[in-house]
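Chains as they are written, first to last, in our numbering: chain A, 1 to 295; chain B, 1001 to 1443.
Where is the CB? At the ideal position from N, CA and C, for every residue including glycine.
Quick caveat, the model's predicted, so the values are computed rather than measured.
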């Protein structure tokens, strides 16, 4: 049963990250996802310190606020003339440092250690259960990430057309009257929420892996956004299953193993994707060369 | 222990020297990375170093900085190659490739790290210090390694300064001159990699990127010259290293990396706000001054044109702030304050009696402004006639740019359009009104 809960949590994390990651990589904002996932840390710690509990809600609120602030700071810096990559680099490292310093200074008050910050403690998920009306209804993490996942699914489903245009052609979206900035911030808000909800399970840096790697893999396999979203979520689930298996086999961090599996799947797609894979390209080049020779 | 006692301790002195040298190296090399738009590559390199270090430990079972250096360097090279290969052979963009490589390598590193920790092979405890850095754990041999490597890096930067400058600003031109730009780019990457590797123990893999970015961005606020920027950046890096180390030795349990990064970030924030030319504060001041100057000029011009309107006489009717507000389309409150300021400058008179008029100086100033404005109008209306006159449209004043012939031609055109400023009978266009840079008039 424990394995089931761990795999379920992992799948939910990977699927919700992979889902939003598609939009991130299409808008070329993968590093912004990286930045958010680092900088939510001070928000989480502050929520811990202020609410003095491990309740999910204050954490979600605090960290999402910080995530949006991060995006805002980066945009402000960029607007005031700092190159965008440098703006990202300066902002997230500074906020992450604040978070790490807070964790170190209040170790006794904050129920978080630095290892957990980096790679989470998904293995302990099954023991931290939620009770509702006197009944145990499964791990808290599952409910947390599950509801966030549902929220992003519903939001994207409602505004799918808008998100799609914003992802591929923001200029056109603005021209047809879609509030591009609003959707940008909605997307960033969802990314922050997902990051926070995943944080305890997989840690700061592996959230980035889950945001980017499955969606990049899906990007190599299809040209349709809807298919890409589906494939990306599916790959997330695969990562969770095989990652758990790999981690129990090697006795290592489950979140790390999930990332390694994701990397492996990406490598497979990179080599053998029917349309964009390296092998397919080599074959089609050969064929082209032969055809040219025959002419 | 107070701060001074800590400084007396030879061990701390070593650590301090190590961190300062590290900050200097990362600052100097970071400025080249920054100018090449490669700031985040340092992030990827640092994260990628983790699996390299772990593999080295698994292979040898020893904790020596030399071996770790090699491991991290190999892993870093692999990461750079992956990023380049992914962007070249697939349709994935560079930022995604960067985030992907970074996180997969780091995930691998975490797997190996936890594997080592769970297999309790005794002295593994040092490895997790690589995550956030622990300068206090630096021992003499580590510091020696840092000194040697950073010495080499600084010397190489000095020797290759000219080449790196080309690389940063115009690699195409450099290739044209016959420099091996690809090789130099690779060399710069290698040097960045070495900086990252020696920084691992002090700052840690997670935050090493900040050491490459923050000092460079900070230095950029203070200068436009590459040489000075590199030096300043090195200085900021060294200072951050020193401050961060001092703070983290003072307070128990505080990892060094975040403290160094926070020190570097404070320098950045200070520069962002207060640097003399690019700082936000000076920009706001400049903007307000410009706005005031434009307002003053508008008021003078409006008053001039009001006087001009009926039949070119100075003492015609009484003009009030209301007239000016209507003429310029600006709110009355602002007009009033502009009038007071101009009165203080001795350009206007008669504010109390609501018969605003120019003083002698004021008339000259207003005449110049109107003439300049109308000459620009003429120029824009007949731009093709004046193409050979070599006029820079970005400058504020046109008269000093004109040759006597062109000026005469323009004055004639002004006459044709009936636009010649009439209030001052003897125009002295050669003498322009000297504006001070602070805005307002220096008459």
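{"Query": "With distances taken between CB atoms, is the gap from residue 1255 of chain B to residue 1133 of chain B smaller than 8 Å?", "Result": "yes"}
{"Query": "Under DSSP, the alpha helix (DSSP H) around residue 89 of chain A begins and ends at which residues?", "Result": "84-105"}
{"Query": "Give the range of the beta strand (DSSP E) segment to which residue 130 of chain A is assigned.", "Result": "129-132"}
{"Query": "Quick check on residue 118 of chain A - is its C-beta less than 8 Å from some C-beta in chain B?", "Result": "yes"}
{"Query": "Can you list the residues of chain A that residue 1043 of chain B reaches, using a CB-CB cut of under 7 Å?", "Result": "89"}
{"Query": "Let me make sure I understand the geometry here. Which of B/1027, B/1115, B/1320 and B/1040 has the alpha-carbon closest to that of residue 29 of chain A?", "Result": "B/1040"}
{"Query": "Within the 8 Å Cβ cut-off, does residue 1046 of chain B reach chain E?", "Result": "Checking the listed chains, one finds no chain E in this structure; the protein chains it contains are A and B."}
{"Query": "Note down, in chain order, each residue of its chain lying with its Cβ closer than 7 Å to the Cβ of residue 1122 of chain B, except the 5 sequence neighbours on either side.", "Result": "Bear in mind that the predicted position of residue 1122 of chain B carries a pLDDT of just 49, short of 50, making it too unreliable to give a figure here."}
{"Query": "May I have the straight-line CA-CA distance separating residue 37 of chain A from residue 148 of chain A, to the nearest angstrom?", "Result": "15 Å"}
{"Query": "For a contact defined as C-beta to C-beta under 8 Å, what are the partners of residue 266 of chain A on chain B?", "Result": "1100 and 1104"}
{"Query": "What runs of the alpha helix (DSSP H), each 4 residues or longer, lie entirely inside the stretch 1147-1182 of chain B?", "Result": "1161-1169 and 1171-1176"}
{"Query": "Apply the 10 Å Cβ neighbour rule to residue 1028 of chain B and answer buried if 16 or more other Cβ atoms are within range, or exposed otherwise.", "Result": "buried"}
{"Query": "Quick one: does residue 1137 of chain B have its CB under 8 Å from some CB of chain A?", "Result": "no"}
{"Query": "So within the stretch 1266-1326 of chain B, which uninterrupted alpha helix (DSSP H) runs reach at least 4 residues, ignoring any that extend past its ends?", "Result": "1280-1308"}
{"Query": "What is the rounded straight-line gap between the Cα of residue 1084 of chain B and the Cα of residue 173 of chain A?", "Result": "32 Å"}
{"Query": "By alpha-carbon positions, which one of A/97, A/66, A/77 and A/31 ends up nearest to residue 1271 of chain B?", "Result": "A/77"}
{"Query": "For the beta strand (DSSP E) containing residue 139 of chain A, list its first residue and its last residue.", "Result": "135-139"}
{"Query": "Using CA atoms only, rank isn't needed, just tell me which of A/224, A/39, A/86 and A/58 is closest to residue 95 of chain A.", "Result": "A/39"}
{"Query": "May I ask you to list, following chain order, the residues of the stretch 10-28 of chain A that have a beta carbon less than 7 Å from some beta carbon of chain B?", "Result": "25 and 28"}
{"Query": "What did DSSP end up calling residue 1357 of chain B once you bin it into helix, strand or coil?", "Result": "strand"}
{"Query": "Which residues of the stretch 1021-1034 of chain B have a Cβ closer than 7 Å to any Cβ of chain A? Give them in chain order.", "Result": "1034"}
{"Query": "Does the count of Cβ pairs from the stretch 155-171 of chain A and the stretch 60-69 of chain A closer than 8 Å reach three?", "Result": "no"}
{"Query": "Tell me the DSSP secondary structure of residue 1347 of chain B in three-state form.", "Result": "coil"}
{"Query": "For residue 1312 of chain B and residue 1398 of chain B, what's the separation of their Cα atoms in angstroms?", "Result": "With a pLDDT of only 45 at residue 1312 of chain B, under 50, the local geometry of the prediction cannot be trusted, and no value is derived from it."}
{"Query": "Using DSSP with H/G/I as helix, E/B as strand and the rest coil, what is residue 1039 of chain B?", "Result": "coil"}
{"Query": "In chain B, which residues lie less than 8 Å from residue 208 of chain A when you measure between Cβ atoms?", "Result": "1099, 1102 and 1103"}
{"Query": "Would you verify that the beta carbon of residue 1072 of chain B is, or is not, closer than 8 Å to some beta carbon of chain A?", "Result": "no"}
{"Query": "What is the C-beta distance between residue 153 of chain A and residue 22 of chain A, in whole angstroms, given that I count them as a contact (C-beta under 8 Å)?", "Result": "The Cβ separation is near 13 Å, so there is no contact."}
{"Query": "Between residue 163 of chain A and chain B, is any beta-carbon pair separated by less than 8 Å?", "Result": "no"}
{"Query": "Answer yes or no: do residue 1145 of chain B and residue 1070 of chain B have a C-beta to C-beta separation smaller than 8 Å?", "Result": "no"}
{"Query": "Between residue 1281 of chain B and the rest of its own chain, which residues show a CB-CB distance below 6 Å, the 5 nearest in sequence each way excluded?", "Result": "1273 and 1274"}
{"Query": "Compare the Cα-Cα distances from residue 232 of chain A to each of A/244, A/247, A/245 and A/209 and report the closest residue.", "Result": "A/209"}
{"Query": "For the alpha helix (DSSP H) containing residue 1252 of chain B, name the first residue and the last one.", "Result": "Element bounds for residue 1252 of chain B: n/a, residue is neither H nor E."}
{"Query": "Return the residues of the stretch 57-81 of chain A that lie within a Cβ-Cβ distance of less than 7 Å from chain B, sorted by chain order.", "Result": "80 and 81"}
{"Query": "Measuring CB atoms only, is the stretch 1215-1234 of chain B touching the stretch 1016-1028 of chain B, in the sense that at least three cross pairs come out at less than 8 Å?", "Result": "yes"}
{"Query": "So with Cβ pairs under 8 Å, would you call residue 1122 of chain B a contact of chain A?", "Result": "Residue confidence is low: residue 1122 of chain B scores 49 on pLDDT, short of 50, so the model does not pin down where it sits. Its coordinate-derived value is still stated next. False, the Cβ-Cβ gap to chain A never drops below 8 Å."}
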